[in-house]
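Per the working numbering, residue 368 is the first one in the sequence shown, and the count goes up by one each step. Virtual Cβ for every residue (Gly too), placed ideally from N, Cα, C.
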Amino acid sequence: LIAVLGVGNLSVRFDPLSDSSARIGARIAAAWRVSEAAVTRPRQIELPVQYGGVWGADLGWVAERCQLSEQAVIELHASARYEVLCLGFLPGFPYLAGLPKALHCPRRASPRLKVAAGSVGIGGSQTGIYPCASPGGWQLIGHCPTPLFDAQTSPLLQAGDVVRFVPQ
């Protein structure tokens, strides 16, 4: 049984030839009871961001779309407190809730084939940070030099953490 937590969903992978639906249901229910008892204290994490320039290829587009100056986009993005909803898409990629409504932007119509590790982007009502180079379709506004993922250690961020971006 492999469970993958998402934003608003839980995917469960299992072999239906080896496990009955009743047994899988019982295992999920047992895991749910344990998870309800688990209480974690969110960590407050500040991450540096270099906004604009070569790192923020879409900052001008976001500013124009939102009818703000580039500086206002930066100030608004950095003023918010973001909650890590979950990690996904890539190992260590944080889906961050709390993006000010004035900065909500659609994803790119055509994803980039390569987004640099550390890129900070906006996708819909969320912001996120690419932990490694990969394809991606979010609007890029800056770069965070802090490594988010190393295969030898736990990811830097975890669900429930609170993140604040500090412009550099």
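{"query": "Classification of Thr494 by the beta-carbon crowding that lies within 10 angstroms, buried from 16 upward", "result": "buried"}
{"query": "Straight-line Cα distance separating Leu384 from Phe532", "result": "48 Å"}
{"query": "Delimiting residues of the beta strand (DSSP E) encompassing Arg475", "result": "Neither: Arg475 is in no beta strand (DSSP E) and is coded neither H nor E."}
{"query": "Paired residues, beta bridge with Ser486 - DSSP", "result": "His510"}
{"query": "Contacting residues, own chain, Cβ-Cβ under 6 Å from Gly459 (five flanking each side not counted)", "result": "Pro498, Leu515, Phe516 and Pro522"}
{"query": "Touching by the beta-carbon criterion (3+ pairs, under 8 Å), the segment 504 to 512 and the segment 419 to 430", "result": "yes"}
{"query": "Through-space distance from Ala484 to Pro415, alpha-carbon basis", "result": "14 Å"}
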